[in-house]
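Shown next, in structure tokens, is the structure this report addresses.
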């Protein structure tokens, strides 16, 4: 498995959007893979919402992770969350 490097921008987005490092890593390992802009890769995975406050409004959180593969590592460029 390639090493996963989460860049500063992605860390900031994770904090803003309530996405854990565990969710990012699991999405990369087991999520649906598709092509993103600029030759990047997009992984998508849906999780059950566990946060009590958010659970009142939403039951699912879809995590989208945008990455670039560079030689022997994966750089996480950005992370998004969609609640439903």
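Numbering (this note's numbering), first residue to last: 6 to 89.
Built from N, CA and C at the ideal position, the CB exists for glycine as well.
Could you please give the first and the last residue of the uninterrupted beta strand (DSSP E) stretch that includes residue i?
| i | result |
| --- | --- |
| residue 65 | 65 to 75 |
| residue 49 | 46 to 53 |
When you compare the CB positions of residue i and residue j, do they come within less than 8 Å of one another, or not?
| i | j | result |
| --- | --- | --- |
| residue 46 | residue 87 | no |
| residue 51 | residue 69 | no |
| residue 72 | residue 22 | no |
Could you spell out the range, first to last residue, of the alpha helix (DSSP H) harbouring residue i?
| i | result |
| --- | --- |
| residue 30 | 26 to 35 |
| residue 16 | 13 to 22 |
Rounded to a whole number of angstroms, what is the C-alpha to C-alpha distance between residue i and residue j?
| i | j | result |
| --- | --- | --- |
| residue 24 | residue 55 | 12 Å |
| residue 66 | residue 14 | 20 Å |
| residue 79 | residue 26 | 14 Å |
| residue 39 | residue 61 | 31 Å |
| residue 81 | residue 9 | 7 Å |
| residue 6 | residue 28 | 17 Å |
| residue 89 | residue 77 | 35 Å |
| residue 34 | residue 43 | 21 Å |
| residue 57 | residue 64 | 10 Å |
What's the call for residue i, buried or exposed, on a 16-neighbour Cβ count within 10 Å?
| i | result |
| --- | --- |
| residue 19 | buried |
By DSSP's criteria, residue i is part of a beta bridge. Which residues make up the other side?
| i | result |
| --- | --- |
| residue 81 | 11 and 72 |
| residue 39 | 47 |
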